[in-house]
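The sequence shown finishes on residue 260 if you use this note's numbering, and the numbering steps up by one all the way, no holes.
Think of the CB as a built atom: it goes at the ideal place given N, C-alpha and C, for glycine as much as any other residue.
In what follows, a single structure is set out as structure tokens and then discussed.
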Amino acid sequence: KGNQLDDYINKVSGPINEIRAIDIFLQVLDGIHHIHKLNIVHRDIKPSNIIIDENDKIKLLDFGIAKDYSNDPNLTVVGQSVGGTPMYMSPEQINGEVIDSRSDIYSLGLTLYYMLSAKSPFSESNISGILAAQLFKTPIPIIEQNSQLASCPALNWIIDRATEKKPENRFHSILQMKQALEIALDDGRASLKLVE
């Protein structure tokens, strides 16, 4: 039961406020961390592959192109099977390179971006333009898409770090990304108390 997260954002909520978005997104990170511990890369993380119910509980969907990368690195070469969704694909996935869990971190960064802005991180509107943007452009700063996030610069930094073009410059693990978000969440809650 529930709605695909992209439909929910488009039709019900609009951009999700940062504290609620982080609460929801931490569940996504827990699910992806679980599959990463099993040496599986999802390879198609995006809002439409996340179901959200009326209690903000989530389920992850569509493991159709997920791959086990523990034994044979050739299994994760995109050229050998279905690719992914251009708006959420990492540069290395687009280039048909061997991918690891950091490719999912890139897709997660773009998913969080969409949750907070309800907008695309790139201005291009066709597939070839989007693929080129993934390879060579940085996303439009999230603060330009949602000015209310100016009070939470940590989220901009987290998204920027997750969506670095080179995998070695991203968060090294889901747990590292989760820790950064938990700090941002604590800071956000503390700021709300000050306002009250």
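{"query": "Specify the secondary structure class of I293 as computed by DSSP and reduced to three states.", "result": "For residue 293 there is no data in the structure shown, the boundaries of the chain being 65 and 260."}
{"query": "Helix, strand or coil for L199 per DSSP?", "result": "helix"}
{"query": "Quick check: I207 and L213, are their CB atoms within less than 7 Å of each other?", "result": "yes"}
{"query": "First and last residue of the beta strand (DSSP E) that includes K123?", "result": "122-124"}
{"query": "Would you tell me roughly how many angstroms separate the C-alpha atoms of M241 and P150, rounded to the nearest one?", "result": "22 Å"}
{"query": "List the residues that DSSP assigns as beta-bridge partners of N67.", "result": "I116"}
{"query": "What separation, rounded to the nearest whole angstrom, lies between the Cα atoms of A197 and S167?", "result": "16 Å"}
{"query": "Whose C-beta lies closer than 7 Å to the C-beta of E156 among residues of the same chain, with five residues either side of it excluded?", "result": "I163, S167, P231"}
{"query": "Kindly provide the ranges of any alpha helix (DSSP H) runs that are 4 or more residues long and lie completely inside the stretch 72-107, ordered along the chain.", "result": "82-101"}
{"query": "On the DSSP letters alone, give me the boundaries of the alpha helix (DSSP H) that L172 sits inside.", "result": "165-181"}
{"query": "Give a yes or no on whether the C-beta atoms belonging to P79 and T175 are separated by under 7 Å.", "result": "no"}
{"query": "Taking contact to mean 3 or more Cβ pairs, one atom from each stretch, closer than 8 Å, check whether the stretch 182-193 and the stretch 81-94 are in contact.", "result": "no"}
{"query": "Measure from the alpha carbon of K192 to the alpha carbon of each residue in N67, D108, I158, then state which is nearest.", "result": "Lys is not the amino acid found at residue 192; the sequence shown has Ser there. The residue with the shortest Cα to Cα distance from S192 is I158."}
{"query": "So, for S171: in the same chain, excluding its five sequence neighbours on each side, which residues have a beta-carbon less than 6 Å away from its beta-carbon?", "result": "I109, Y152"}
{"query": "Should P155 be flagged as near chain C, meaning a C-beta pair shorter than 7 Å?", "result": "The structure shown has no chain C; it contains just one protein chain."}
{"query": "What whole-angstrom Cβ distance do D93 and I247 have, given they're in contact under 8 Å?", "result": "Looking at the sequence provided, one finds Leu at residue 93 rather than Asp. Rounded, the Cβ-Cβ distance is 14 Å, inconsistent with contact."}
{"query": "Suppose you measure from the CA of S184 to the CA of G160; what does that come to, to the nearest Å?", "result": "23 Å"}
{"query": "Does N233 come out as helix, strand or coil in the three-state DSSP assignment?", "result": "helix"}
{"query": "Pick from P205, G66, H236: whose alpha carbon is nearest that of D120?", "result": "G66"}
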